[in-house]
Structures are given as C-alpha cells and as structure tokens.
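*Asks:* One structure, pasted below without further comment.
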C-alpha cells in the first residue's frame, strides 16, 4: 500500500554538479534528477540555491547574456517537467521588477507555479542581488504570469502536505515561521571545518521548534574554488530527527530521499500550547498556491520504523526523574518510611531501586525501606528467591507475609468453589489475592508510619492490567506510573552490573506474570508488551488510529509477527484501553517521565470513562 495513504510524503534533495555559468547544461542535470525523483515516487524535489548558474558566478549575474541563458534553461526544465509529478524548486538569478534577484522557481507538470526571491543573500553577495521586501511581480515574459513572493504550496490531494522555502541563512536562524509542514532550504554556504555539523544542528533545532520537516541541499561540485570548497551536502530532518544524509563531496548527481510523516507533524502542532502555536504561525505567506500530486505513486515506505519507540538514549535519566519525584513527595509529608511489595518481577524491582536511591539522597538508612514478599497461589520459587536476593543485596528490610491462609479464608467466606477444592481460577480468585496484598501494605504503612510506593507501570495502566480500588491500582505514590514496560526492561538491563548483575539478569529473563494463578503468563492474555508499547507510543504522542499503527507495526515487526497477529493485538489494546479509563481516573499521583506523555487524568490523558472504542475498532474490522 502506498505510503501516501498513511500520512507520509516522499521528498528528495538533489545534489547535482553545476556547470558554472552554463545554465542550459545544468538544466539537463536538473531534468535528469527530476525524472529520477518522479520514478522514485517523490512529491517534492529541492535543488541548491542558484541551481542553474551556480552560486559562485560573481558579477556574471549582472550579464544579460547569462540572464538570457537562464530564461532558456528554465523553459527547458518547464517543458521537460510536463509529465513529471514532483514539485521542483530550482534556483535561478532573475530580473524581477528590473533588478536581479536570487530566486527559487517552483515548477510542476509543465507549469511555473511561482517565484520566491531571496531577500537575505549572504553578506558577500548583497551587492549582487536585490534585497527589497516588496518587489513588483514583474517577471521576464518567458516565465509568464507566475506569482512572486513568499509562497507556500498546498497539495489538496495529500492531506497535511504544505511546502515553503527558507531562503537565506538568516531566515533559518530565526526558525521557519508559517503553516508549511515541509520547508526547503536551498543553501549558499561553502564549507569550513565543522560547518557541516553546525548546519545539521541548526536544521534540527529549527525543525523541532517549528514542528516541521526541513530539506537542505548545498552547492557542490562544479562551483568555483577561488575562495572556498563546496560539499554538495544534503540533509533531511523531521522535528529534530535526522532522517537522511547524502554523501558529501560527490562529483556526480545524487538524490537523497526521506519519507516525511506529515500526519505526525500535524498532530504535534495541534497539541502545542496556544502561546507556542500562535508564535509558530506568526508569519503568513504572501500567497498559498494550491496544487495536486495527481495519481498517488504506489511507493512503499522506505523509512526505518523503530521497534521500540519508547526507548531512551539515557536510561539512567529515567531513574533520576523517579528519584527526584519520590524525594520531593517524601519531604513534603515528613520523610516517612517506604513500604512496597516485591515480587521478583520487573516493576517492583525498578521501584525498589528508586526507593534505595531516594533514601541515599536523603541520608536515610535503607533499612527504612520495608520490602515485603507476599506469596500467593501462583507464586513460583524462582521469583520468591529473586525478590529476597535483590532485597538483601540492596540492604533493605525484607520480610515475608504469606497471604494464602487469609485468601483461603476469604474465599471460603465468599462461598467460592476453590474453597471446596474446585479449580475455578476466575477474576474473584485473582482479585482476592491482589486486594489482600494492597490491603496489607496500607495497614503496614499505618503501623510503621510509612508511604506505600506503587509499582504499576504505564503499560499496565493503558491496558487496565491492575486490580481496581483495593488492589495494585492504588498506592500512596506511583513511581512507575509514567514508564512503559519496555523502558523498564531497558533501565534494568543498563543497571545489571556489579553485585546486582546476576539477580537483575535473572529477573529480566523471568516470564512476565502477576502469579495469581499457577502457570499464568501476562503476555498470552493481553498481548506482547513490545507490540502494546509500540501502539501506546503512537497513540499517546501522535493520536494515530489503529489503521496507521498497524501499517507502522507491520514494517517494524513484520519479521516476528504476522499482519493478523498485529491486528489481533491492536484490537485487544483498543478494547482494553477504552474499557479501563475508569481505573486511570482514580489513580494515585506519579511522575510523567516519557516525552510521549503520561496517562494521568490530571495532567496527561483526559478521556471520559464511558467513551466507546467502536469507531477505532471499525478501522480494523473494515480492513
């Protein structure tokens, strides 16, 4: 299925050899690159500044012979583009209102759609080009009656695709301002040591601040080396992320492609605060020109989709955020002891590490952390052992509180069949155990003057994989509430060194389970966490529906899961996500940690508990 049907757009940066002061020869390079981009399914092709002449022609820009040649070269490009889909942005010196201007000429399907003059040429070229802000739109007759000014091009058949140009380094430094989602930056710069890296940094910053994609292409081979060298570099960035970089110093033509997620950019902009939104859209273009891509190219997505979009560059920062939040909560209520249940699983392990570092920061003994293992009917000897080894290695106070006798008595009081020997492992059987564990922890907190530290994570909150009320859904403070399961695995793997290495590796290798029923495995019931976290990330950060998430997941996980498996677990996710909002509404405080956001009903995800998932599920059922 075409990438264009899922909110993506393919763009190209064309680094071509320039035939200095020979516009018609360079025009042939432009046409060849445009034809190649057309076949590759690109919608937009960016060329360097002053493409047809080169940027280093000096005073030749004022020679009528050269300007006449430029007009003929543009006519050749226009005519050759008649059957080509992409919008071409070709640089050329033009006489506009009787003055020579450094222009970007927009060409598509045999038409010149507009001309955008650069009002901020480099300082060493200001004497060559007009810098007037309001040029009279009087072009050479050969160019027809195309509009002149700060133009943007909206593709009416590709939702979210609006293209503009950043003309001049000064404009890049102030960040692109306008509704365009894709900005072209036809560069002027020769190369100095470290200038490429600095330019990439500027592009990343500008794209993130503007919530857009930037396509940069610089002059290359063929430019004069009288005063400098030219690398022909091409860089495509999207919201701070470098998607593609061309090979520098090429002597032949090179096209660098990237698939831009314009739907994601639109969602990111829509979620900005009103103040940020207003500032980013403070400059409107002189004119918006509507165009179409025509029949959408049948292009497969070529972009890498990360399997673990939640994964972080600095796992240690995750714990630092948790510790800072817990320390502040403790100091606000009199630095109590910390009470938590340790199961030998991932979540309670991370919570215990956070508690230890919080106590260390406060100068308190780790013995003031009261860690309880509370075996139930499904507890295995290995998890029980891991919980004890971890606790004793960390130096916390460790105790066992067996809930089975009390659970058996409660089940008998309820008249549950298990009490009379029948194996009926239903939700009552499970929740009696989960409820008792939480009840004991709160009463222990009363007894010892403590704070119950919640261990439930972001993935469990999303799927409602917790017992409501008197259960693991509740605590005094949930340190893991903002962290998905796959990131917890990443953080613990990073911490698996020294004396903790063996026990943490054992915990990471253990099957994920609440151990309420013998042999119970979580992922067989609610889906693989690696898939469900993938879905949660794109839902939280971009608001994508199941159809697009399925498309992305099949590209990220297609070698491990079939399309049918991916869509089955997507259905499970959306049913559970909607059905369990009521649990999130009553959740305890806990820090937001991930850039994608949290599920806190106060400062994160706000949704009515009685909302229906029907429309989302229909997108899967209708496929």
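In UniProt numbering, the protein residues as written are 1 to 623.
Every residue gets a Cβ at the ideal spot worked out from N, C-alpha and C, and that includes glycine.
(1) Does the structure place the region 459–475 close enough to the region 315–330 that three or more beta carbon pairs sit under 8 Å?
(2) Go through the region 166–248 residue by residue and report every complete run of the beta strand (DSSP E) that reaches 3 residues or more, in order.
(3) Which residues does DSSP list as the beta-bridge partners of residue 444?
(4) When the Cα of residue 114 is compared with those of 409, 78 and 130, which residue comes out closest?
(5) Which whole-angstrom value describes the C-beta separation of residue 15 and residue 254, a residue pair presumed to lie in contact below a C-beta threshold of 8 Å?
(6) How do the region 401–420 and the region 483–491 stand: do at least 3 beta-carbon pairs fall below 8 Å, yes or no?
(7) Which word fits residue 278, buried or exposed, when buried means at least 16 other C-beta atoms lie within 10 angstroms of its C-beta?
(8) Looking only at its chain, what residues have a beta carbon closer than 8 Å to the beta carbon of residue 617, apart from the 5 residues adjacent to it on each side?
(9) Would the region 328–348 count as touching the region 293–302 if we require 3 or more Cβ pairs under 8 Å?
(10) Between residue 243 and residue 303, which are expected to be in contact by the criterion C-beta below 8 Å, what is the C-beta distance as a whole number of angstroms?
(11) Compare the beta carbon distance of residue 129 and residue 90 with 7 Å and say whether it is the shorter of the two.
(12) Looking at the secondary structure, which residues open and close the beta strand (DSSP E) in which residue 574 lies?
(13) If you check the beta carbons only, do residue 293 and residue 491 fall under 7 Å apart?
(14) My output table needs one value for residue 466: the three-state DSSP class, helix, strand or coil.
(15) What residue range does the alpha helix (DSSP H) around residue 272 cover?
(16) Measuring straight from C-alpha to C-alpha, what distance separates residue 290 and residue 105?
(17) Output needed for residue 62: all residues of its chain with C-beta closer than 8 Å, excluding positions within five of it in sequence on either side, in chain order.
(18) Check residue 129 in the structure and name its three-state DSSP category.
(19) Thinking C-alpha only, which one of 178, 184, 97 and 156 is nearest residue 145?
(20) Just the Cα atoms here: how many angstroms apart are residue 435 and residue 393?
(21) Do the region 206–220 and the region 233–240 make contact, defined as three or more Cβ pairs closer than 8 Å?
(22) Smallest Cα separation from residue 444: which of 400, 202 and 38?
(23) Do you know how far the Cα of residue 361 is from the Cα of residue 50?
(24) Return the Cβ separation of residue 432 and residue 442 in integer angstroms, given the expectation that the two are a contact with Cβ distance under 8 Å.
(25) The alpha helix (DSSP H) with residue 548 in it runs from where to where?
(26) Would you mind stating whether residue 45 and residue 260 have Cβ atoms separated by less than 7 Å?
(27) Among 520, 395, 365 and 358, which has the Cα closest to the Cα of residue 426?
(28) Check residue 425 in the structure and name its three-state DSSP category.
(29) Using C-beta distances below 6 Å, list every residue in its chain close to residue 54, excluding the 5 sequence neighbours before and after it, in chain order.
(30) Between the beta-carbon of residue 9 and the beta-carbon of residue 262, is there less than 7 Å?
(31) From residue 92 to residue 590, what does the alpha carbon distance come to, in whole angstroms?
(32) Which residue or residues does DSSP assign as beta-bridge partners of residue 91?
(33) From the DSSP secondary-structure annotation, give me the bridge partner or partners of residue 256.
(34) Which residue comes first and which comes last in the beta strand (DSSP E) that contains residue 153?
(35) Is it the case that the Cβ atoms of residue 178 and residue 164 are separated by a distance below 7 Å?
(36) State the CB to CB distance for the pair residue 375 and residue 347, rounded to an integer number of angstroms; the pair is presumed to be in contact (CB under 8 Å).
*Replies:* Answer, in terms of the structure:
(1) no
(2) 182–186, 213–217, 234–238 and 241–245
(3) Bridge partners of residue 444: none, in fact.
(4) 78
(5) 5 Å
(6) no
(7) Low local confidence applies: a pLDDT of 44 at residue 278 is under 50, so the model's placement there is unreliable, with the coordinate-based value given in what follows. Under this definition residue 278 is an exposed residue.
(8) 546, 571, 574 and 575
(9) no
(10) 7 Å
(11) no
(12) Unbroken run through residue 574 is the alpha helix (DSSP H), 563–579; no beta strand (DSSP E).
(13) no
(14) coil
(15) Unbroken run through residue 272: none, as it is neither H nor E.
(16) 16 Å
(17) 100 and 128
(18) coil
(19) 97
(20) 28 Å
(21) yes
(22) 400
(23) 59 Å
(24) Actually they are not in contact, since the Cβ atoms of residue 432 and residue 442 sit about 16 Å apart, beyond 8 Å.
(25) 546–557
(26) no
(27) 520
(28) coil
(29) 18, 20 and 223
(30) yes
(31) 57 Å
(32) 104
(33) 13
(34) 151–155
(35) yes
(36) Wrong, their Cβ atoms sit about 17 Å apart, outside the cutoff.
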